[in-house]
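Numbering (the UniProt record's numbering), first residue to last: 1 to 401. Think of the CB as a built atom: it goes at the ideal place given N, C-alpha and C, for glycine as much as any other residue. This report refers to the structure that appears directly beneath it.
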Amino acid sequence: MKLALVGVGSAGVRIVDRIIEREVQTGRNFCNGNMLVFDTTQEVFEGVEHVPEDHRALFGDVSPRIDENGTGGNPDLGVEIAREDVHEISRAFDTLDFTEVDGTLVIGGLGGGTGGGSGAVLLEELQTISEKPVYALGVLPEADESDRAALNAARALPSFVEIADNVVLFDNEEWGSQIDKAGTELEYDEDGETDGESKRAYDELNRTIASHVLLLLGAGEIESMTIAENRADASDLARTLKTGGVSSIGQATQEIDRSSGLLSRLVAFVPFVGDDEGPEPTDAVKVKRLVKDAVGGRLSLPCAVDSTERTLVVLSGPPSAVSRKGFESARHWLENATDTVEVMAGDEPRPKASSMTATVLLSNVTAVSRIDEMQQRAVSVTDEFDDEDEVDPAESEFEFV
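This is the structure:
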């Protein structure tokens, strides 16, 4: 699947930058040069390395309500500023060639005023100018981040779900163990300052997100790729995402030991893979186990797997390492685990790869305790921030689900 990439807010800008970097590293043609990043302050673009300057757009920067901290974490201000500059935003979209892609992916941190507030306006505008699907990738704040971040995310999420054709979520709380803040008490600030150690730690998370996105949504877009027997294609992804709602991604990787023959031995790269004792598992068992680990390990959004409406699994690695029997067995296992018969599957052959990766998309998951907890917390602090915000809460486009 080829997608135009649109990043909004500092988190969205950085994630798009890392996706472009990874796209080049893996030889994919994922966005076909169609990328665009937005923010209200020029400072956000200073760390951008892979998005060209003519694909960076400012909005609201001349407003007296925007200072060095951008929207200051106020999503209502983010909405208002984006609406005031909607014509400038629309002109910036002229940079994108929608005829060259299968859809658009808007990326933003839902805990920020720009990512969560302005992001919803960008989604609306894209839906009016593009006939192709407009998806969203939203990043949820960690549980120990501010009440403001939790409130913003809880208010932004319903708008994203209503406007976008599907919303893939990454939960910073779930991935917190990968984010070493080096003892600092300064938390991540979507619209303000973040210290150097935290920036490096969050950059690792952004690289992880980029890897998940490319191995799933960019499957099959490697220019020199071997023709697959069961190639993952854009139509399978579009059908899976057509459910709408909120979706989660699972991924597991195993390194291949080539020293004694391809797939003679798989060395676990993820938890609970492989046994130290007993006979060597067959190739079919290894493939099935890899898919099970992708679902049973760390999901981008923790959820009840059996609340999934539709599922897609992509197996990426050397063609000779893919057991057809194992793939079919894994597919049947997924049907039982997700309680749905709508399970699609595809390959991404990478003959020179030294590892095999299973990436699973769980589309329209409905049992997500993390979202419930975030909304409950947001309700408890709503009055505190209603008094502070410049925009009348009664006029806000955001509402709780």
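Residues of the same chain with a CB within less than 7 Å of the CB of T95, apart from the 5 flanking positions on each side, are L36 and H55 in chain order. The secondary-structure analysis by DSSP pairs N166 across a beta bridge with Y135. According to the DSSP assignment, I15 belongs to the alpha helix (DSSP H) that extends over G9 to Q25. Excluding residues up to 5 positions away in sequence, D147 and L151 lie with their Cβ nearer than 7 Å to the Cβ of V381 in the same chain. Under DSSP, S248 shares a beta bridge with L362. Membership of L122 in the alpha helix (DSSP H) is indicated by the continuous run G119 to I129. DSSP places F327 in the uninterrupted alpha helix (DSSP H) bounded by R324 to T338. By a beta-carbon distance limit of 8 Å, L216 contacts T359. Their separation comes to about 5 Å.
Using a Cβ-Cβ distance cut-off of 8 Å, the stretch 130-146 and the stretch 16-30 are not in contact, since fewer than three pairs of beta carbons, one from each stretch, lie closer than that value. The beta carbon of L334 lies closer than 6 Å to those of T311 and V343 in the same chain, with the five residues before and after it left out. For the pair E348 and V314, the CB atoms are nearer than the 7 Å cut-off. If you draw a straight line from the Cα of A345 to the Cα of A232, it is about 7 Å long.
L157 has its alpha-carbon roughly 19 Å from the corresponding atom of E309. Taken through DSSP and simplified to helix, strand or coil, E348 comes out as strand. Cβ neighbours of D203 within its own chain (closer than 8 Å, five residues either side excluded): R14 and R18.
For L96, no beta strand (DSSP E) run applies, since DSSP gives it neither H nor E.
In the same chain as L301, and ignoring 5 residues on each side of it, the C-beta atoms closer than 6 Å to its own belong to L169, D171 and S248, in chain order. Membership of R91 in the alpha helix (DSSP H) is indicated by the continuous run V86 to A92. Per the coordinates, the alpha-carbon of G12 lies some 18 Å from the alpha-carbon of E68. In this structure, the beta-carbon distance from I256 to S323 does not fall below 7 Å. The three-state reading of DSSP puts V291 in helix, counting H, G and I together. In this structure, the CA atom of G47 is about 21 Å from the CA atom of S118. Taking E221 as reference, the option from E43, R28 and D383 with the minimal CA-CA separation is R28.
Exposed is the label assigned to N336, since fewer than 16 other Cβ atoms lie within 10 Å of its Cβ.
Using a Cβ distance threshold of 7 Å, F38 and V8 count as a contacting pair. In this structure D102 touches A238 by the C-beta definition: roughly 7 Å separates them, less than 8 Å. For S235, the enclosing alpha helix (DSSP H) has its first and last residue at A234 to L241. Nearest C-alpha to D144 among A321, W175 and N166: W175.
Here the C-alpha atom of R350 lies approximately 40 Å from the C-alpha atom of A149.
When the alpha-carbon of F59 is set against those of H50, E49, S90 and D76, the nearest one is in S90. When the alpha-carbon of P141 is set against those of E162, G108 and V121, the nearest one is in G108. The Cβ-Cβ distance between T40 and G70 falls below 7 Å. By the Cβ-count criterion, D165 is buried, with 16 or more other Cβ atoms from all chains shown falling within 10 Å of its own Cβ. Across the set G111, A353, G245 and E384, the C-alpha of A353 shows the shortest separation from the C-alpha of S316. Under DSSP, M356 shares a beta bridge with Q254. Secondary-structure assignment with DSSP links S316 through a beta bridge to E348 and T357.
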